[in-house]
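In terms of numbering that gives the first Met the number 0, the numbers along the sequence shown are unbroken and rise by one, the last being 497.
Worksheet: the structure to be examined is printed underneath.
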Amino acid sequence: MSERKAQPAAPERLSRGAGPASGLLARAETAALPPPGARDRVFRAVLAAQTPARPRWAWVGALSLAAASVALALLFFRPAAPLKAPPVGSLAAVQGSIRILGADGAVLSSLAGAALPARARVEVAPGGEALLQLGLARAALSEGASARAGDGSGTLTLERGTAAFFTLSSSTTTIAAGSYFIDAHAAVFVIRQQAHRTEVLVREGSVRVRGGAAEAELGPGASWSNEGSAEGLGDPEQALAARAAGRPLALLAPAPVAAAPQVPAQAAVVEPVRKRPIVLARAPKAAPPAPVEVASPVESDQALHARALALERSAEYAGAAAAYEELSRRQSPRAEAALYELARVRQRFLGQPQAALSALADYDQRYPDGGLALEAALTSVEARLSLGQREPALRQMDSFLARFGESERSPDVRWLRASLLADGGDCALALPDLRALSTGSTHADDASFALASCVRKSGSLEDARAQLTDYRRRFPQGRHRAEVDAALGSEPAGAKRP
0 MSERKAQPAA
10 PERLSRGAGP
20 ASGLLARAET
30 AALPPPGARD
40 RVFRAVLAAQ
50 TPARPRWAWV
60 GALSLAAASV
70 ALALLFFRPA
80 APLKAPPVGS
90 LAAVQGSIRI
100 LGADGAVLSS
110 LAGAALPARA
120 RVEVAPGGEA
130 LLQLGLARAA
140 LSEGASARAG
150 DGSGTLTLER
160 GTAAFFTLSS
170 STTTIAAGSY
180 FIDAHAAVFV
190 IRQQAHRTEV
200 LVREGSVRVR
210 GGAAEAELGP
220 GASWSNEGSA
230 EGLGDPEQAL
240 AARAAGRPLA
250 LLAPAPVAAA
260 PQVPAQAAVV
270 EPVRKRPIVL
280 ARAPKAAPPA
290 PVEVASPVES
300 DQALHARALA
310 LERSAEYAGA
320 AAAYEELSRR
330 QSPRAEAALY
340 ELARVRQRFL
350 GQPQAALSAL
360 ADYDQRYPDG
370 GLALEAALTS
380 VEARLSLGQR
390 EPALRQMDSF
400 LARFGESERS
410 PDVRWLRASL
420 LADGGDCALA
430 LPDLRALSTG
440 STHADDASFA
450 LASCVRKSGS
460 LEDARAQLTD
470 YRRRFPQGRH
480 RAEVDAALGS
490 EPAGAKRP
């Protein structure tokens, strides 16, 4: 990126009564923390902020408050990607209350044996359970789960809740959850989908997880989470997996468990009976032996990891951070994820962005090509913004786009970079990102409006009017339509801004 020039004048405000991005960050620092499974790492409360009324031509100068808020929030979560394939399945078994909704929202039959049309949604009420037959695969949905069939054989989108899956070796089944796809054949596995947290746990066989920069092969007993860690299968989930597989839990392949150390049994020694000798004088009693200290057993990696997760879910974040830190220092396959979790908990829940950056620097040094490098880079951006380090945050965004420019997160990072640049008065540097985002992007609406703002700030009134006219043509129901109409109607062509 080219050198950023200092501006002689203070940057204009985003809207009446609102400061630049630092104001957003200040409010985000004091906002209520999201639940542990949530993916909205920062600025959750900013999304609900009401944009104040704008004065005449208030769109000129920088991006709107709403646009910047959306950018900051979208950096850390994305909606589920649509599936490209499943056909018709059926509701094999029902327990409790189940609803099947067609693609048009109409309620269909919820009896066992009912057809499951393409794009139909299955919703399981509390206390219920549904067993679906999808081609050569079966899916068991637990209470509270919701899933939608796609348009091709053996595909399903788990929208929320927990589901177990059984697949045969003769075909590949693809399950979507969150922003990820799970490909499996000849496997029994469980997926948990809550808010923006996706977890995959394999009981039998192997599965492949893909999506964005994520690419993982999981074997029996392995687990994966888009936030670095996944707690082991509980008894209800084990039973759910058995129902999906269609055989009793005892007949499933045993889940791999670390074997307990075997203590060799000592042979019993029989002492011969001896007569007590006659003693004429007693010798002084010897001092009793000093008590032997028995070392307490070392907590296993799996137990320590489970304890860290439980502490985090109980909102005991300091204890969770200490457990993650201890695990990260071990020579363990779980150390990499624990180190990232340590940084995440420090940043998101403990309000320690500097300590989070320290853990992230350690992660970069120890795992330069780690499986969580993308998430670590995003958390680093977040921490620097929390500290008000605008220029380091921009450099971190530049580095992210250079390394992960093809990832699904790149448009969000590009939009955040453009927002910060324009807010800081560097509209000229923001223009390339805004032009790229204004077409074929989920940010096209906001980016097109922001582009007109930046063009107008450069002094080109006619170009700005052309951009606004193009916005009105492309986004007849756009978020900024009222502002565009007011701007085009309130300033005739050829007028000059004082």
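Here a beta-carbon is modelled for each residue, glycine too, at the ideal position from N, C-alpha and C.
Item                                                                                                            : Value
Pairwise C-alpha distance: L377 and E498                                                                        : Because residue 498 is not part of the residues shown, which for the chain are 0 to 497, the question remains open.
Cβ-Cβ separation, A163 to L239 (assumed contact under 8 Å), whole Å                                             : 4 Å
Cross-strand partners of A428 (DSSP beta bridge)                                                                : Position check: residue 428 holds Leu in this sequence, whereas Ala was assumed. Paired residue(s): none; L428 is not in a bridge.
Opening and closing residue of the beta strand (DSSP E) in which Q192 lies                                      : Y179 to Q193
Proximity to Q346 [Cα-Cα], best of L467, W414 and L356                                                          : L356
Endpoints, beta strand (DSSP E) assigned at A372                                                                : Looking at the DSSP string, A372 is not in any beta strand (DSSP E); the run it does join, the alpha helix (DSSP H), is A372 to S385.
Residues near G210 in its chain [Cβ-Cβ closer than 6 Å; skip 5 each side]                                       : S178, Y179 and F180
Separation of L200 from P332, as counted between CA atoms                                                       : 16 Å
Which listed residue (S457, R191 and D432) has its alpha carbon closest to that of S447                         : D432
Extent of the continuous alpha helix (DSSP H) to which T468 belongs                                             : L460 to R473
Whole-angstrom distance between L460 and R416, CA atom to CA atom                                               : 25 Å
Coarse secondary structure for F348, derived from DSSP in three states                                          : coil
Spatial neighbours of A485 in its chain, beta-carbon cut-off 6 Å, leaving aside the 5 residues before and after : none
Strand pairing of D441, partner residues [DSSP]                                                                 : Reading the sequence as shown, one finds Thr at residue 441 and not Asp. According to DSSP, T441 bridges with nothing at all.
Three-state class that DSSP yields for S327 in the structure shown                                              : helix
Residue closest to A92, alpha-carbon to alpha-carbon, out of G104, D103, V121 and V106                          : V121
Local conformation of A485 per DSSP, three classes                                                              : helix
First through last residue of the alpha helix (DSSP H) which encompasses S299                                   : Note, S299: premise wrong, no alpha helix (DSSP H); not H, not E.
Pairwise C-alpha distance: P410 and S228                                                                        : 26 Å
I174 versus A138: straight-line alpha-carbon distance, rounded                                                  : 10 Å
Local Cβ density within 10 Å of G423, reported as buried at 16 or more and exposed below that                   : buried
Top-ranked residue by Cα proximity to E321, from R196, L303 and A148                                            : What sits at residue 321 in the sequence shown is Ala, not Glu. When only C-alpha atoms are compared, the closest one is L303.
Counted within 10 angstroms of its Cβ, other Cβ atoms place T468 as buried (16 or more) or exposed              : exposed
For E216, the first and last residue of its enclosing alpha helix (DSSP H)                                      : E216 -> not in any alpha helix (DSSP H); beta strand (DSSP E) instead, spanning A213 to L217.
Contacting residues, own chain, Cβ-Cβ under 6 Å from C426 (five flanking each side not counted)                 : C453 and K456
Collapsed DSSP secondary structure at E142 in the structure displayed                                           : coil
Helix, strand or coil at E230 according to DSSP, with G and I counted as helix                                  : coil
Nearest-angstrom Cα separation, counted from Q301 out to S327                                                   : 12 Å
Residue closest to R389, alpha-carbon to alpha-carbon, out of S418, G88, S224 and L349                          : S418
Simplified DSSP state of G126, which is helix, strand or coil                                                   : coil
Sheet register partners of A175 (DSSP bridge)                                                                   : T156 and F180
Residue interval of the alpha helix (DSSP H) (run including E390)                                               : R389 to F403
Cβ shell of S96 (< 6 Å), same chain only, five flanking positions each side left out                            : A124 and G127
Boundaries (first-last residue) of the alpha helix (DSSP H) holding A417                                        : S409 to D422
Distance between V380 and R408 (C-alpha atoms, nearest Å)                                                       : 13 Å
Nearest residue (CA-CA) to L140, options A117, V297, L90 and L110                                               : L90
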